[in-house]
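Novice: Dropping a structure here in structure tokens format, bear with me for questions.
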Amino acid sequence: MASYEVVREIANSCSRNQMRDVFFDEVETDDPEAYVRAQIRGDDVQLQVDTLRDGAVCIFVESAGMHQKFLFTPLD
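Residue numbers (the numbering used here): 35 to 110.
Structure below.
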């Protein structure tokens, strides 16, 4: 099972607040997309998965009008 550092950003939709909520975690998973789907529940979840050259996996999520980004960086 692979170990990742995960950075989760949640965009704030308030027009007067341009800040983002940012969370850091360390997880073990062989399937980052399945990990995100377990975190984000709902009927209308849209994912865009990008695998970067350095082995990181970036997953953009839109669900219930909320935009989130998960960045999985492999830990050695």
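Here a beta-carbon is modelled for each residue, glycine too, at the ideal position from N, C-alpha and C.
Considering only their Cβ atoms, is the gap separating residue 37 from residue 62 smaller than 7 angstroms?
Specialist: yes
Novice: Can you give the Cα-Cα distance for residue 102 and residue 72, rounded to whole angstroms?
Specialist: Put simply, the backbone Cα of residue 102 is about 14 angstroms away from that of residue 72.
Novice: By Cβ distance, which residues of its chain are closer than 7 angstroms to residue 107, with the 5 residues on each side in sequence left out?
Specialist: 38, 39, 90
Novice: Assign residue 90 to one of three DSSP states: helix, strand, or coil.
Specialist: coil
Novice: Does residue 42 come out as helix, strand or coil in the three-state DSSP assignment?
Specialist: strand
Novice: Per DSSP, what are the beta-bridge partners of residue 100 in this structure?
Specialist: 97
Novice: If residue 109 and residue 95 are in contact, beta carbons under 8 angstroms, what's the gap, nearest whole angstrom?
Specialist: Contact doesn't hold; Cβ gap of about 22 angstroms is too wide.
Novice: Less than 6 angstroms between C-beta atoms, sequence neighbours within five positions excluded: which residues of the same chain meet that for residue 55?
Specialist: 44
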